[in-house]
Amino acid sequence: MPSVLSRESTIVTAKIIALAGSGILTGGILSLSFFTTPILLLAPSPLAQKQWSYLYNLGKKTMPLLSLLTSVSYLVLSRLYTSSLITTHPIVPLTHRKPFLYLLSSGLTLSMVPYTMIFMRSTIAGLEKARQLLGEAARGEKGAEREEIENMKVMEGKNTKQLIDQWGMLNLGRAALTGLGFLVGIWGNVIPAREVMVEVVEAIKVR
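According to the working numbering, the stretch in the sequence shown is residues 1 to 207, in order.
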């Protein structure tokens, strides 16, 4: 009985961490695209770049760690729910198997990290380069005009604000991955837990 209670308490804890982490990740990432990015675009380019840089560095320190913690929690759930269901109930589809769904949620949640490295790397590099270029333009002998600074091309013919806007659009891809992981995790949480019922029945028979 103590082992059963310990297992159930671990499951509850892992569910709280996983679902809360997924929700926070998805909501936070979406807010960057829908609320933060439009506000950044209202500021002059030098200020917009500084604000973006602050937010990016803050997110770089927190988001990957939260993603990892959430992903590990889903993995723990997948492991805890792995039982005799797959072998004794082969007709149950994958979409109704908690281990599979939690494993899928884990992968989707953690995939935001490689997505950032693959699809957002060049845009991030351009925005980091913009800080140096904008600073040099402002420190020129006569100082560049504001319009000249605003229209300064940083990378691939795009200025700082265009890169910030592009970053906000690409950021939606990360939200889609974590959001899908969140939805799959919820689905895994609410489907009939046949494997749990099987274990309870077996425990009753033993007693």
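The beta carbon of each residue, even a glycine, is placed where N, CA and C say it ideally should be.
- The beta carbons of Leu110 and Ser67 sit closer together than 9 Å.
- Each residue's CA atom was taken as its position, placing Gly126 and Glu136 some 15 Å apart.
- With a 10 Å radius around the Cβ and a threshold of 16 neighbouring Cβ atoms, Thr10 comes out exposed.
- Looking at the DSSP output, Met155 shares a beta bridge with Lys158.
- The region 99-141 contains no complete beta strand (DSSP E) run of 3 or more residues.
- Pairing Asn171 with Leu32 gives a Cβ-Cβ distance under 9 Å.
- The continuous alpha helix (DSSP H) containing Ile39 extends over residues 37-40.
- Under the 10 Å beta carbon count, Met117 is surrounded by fewer than 16 other beta carbons and is classified as exposed.
- Between Ala20 and Lys153, the alpha-carbon positions lie close to 41 Å from each other.
- At the C-beta level, Gly59 and Gly28 come within 9 Å of one another.
- The C-alpha of Thr36 is placed about 39 Å away from the C-alpha of Leu80.
- Only residues of its own chain outside the window of five on either side were considered, and among them none has a CB closer than 6 Å to the CB of Val190.
- Under the three-state reduction of DSSP, Ala176 is assigned to helix.
- In the displayed model, Ala48 falls within a helix according to three-state DSSP.
- Residue state for Thr10 is assigned as helix, using DSSP reduced to three classes.
- Pairing Phe100 with Met63, the inter-Cα distance amounts to about 25 Å.
- Taken atom to atom, the span from the alpha-carbon of Leu55 to that of Gly188 is near 33 Å.
- Just so you know, the alpha carbons of Gly107 and Tyr115 end up roughly 12 Å apart.
- Spatial neighbours of Leu180 in its own chain (CB-CB distance under 6 Å, excluding positions within 5 residues in sequence) are listed in chain order as Leu108.
- From the listed residues Leu177, Leu47, Ser78, the smallest Cα separation to Lys161 is found for Leu47.
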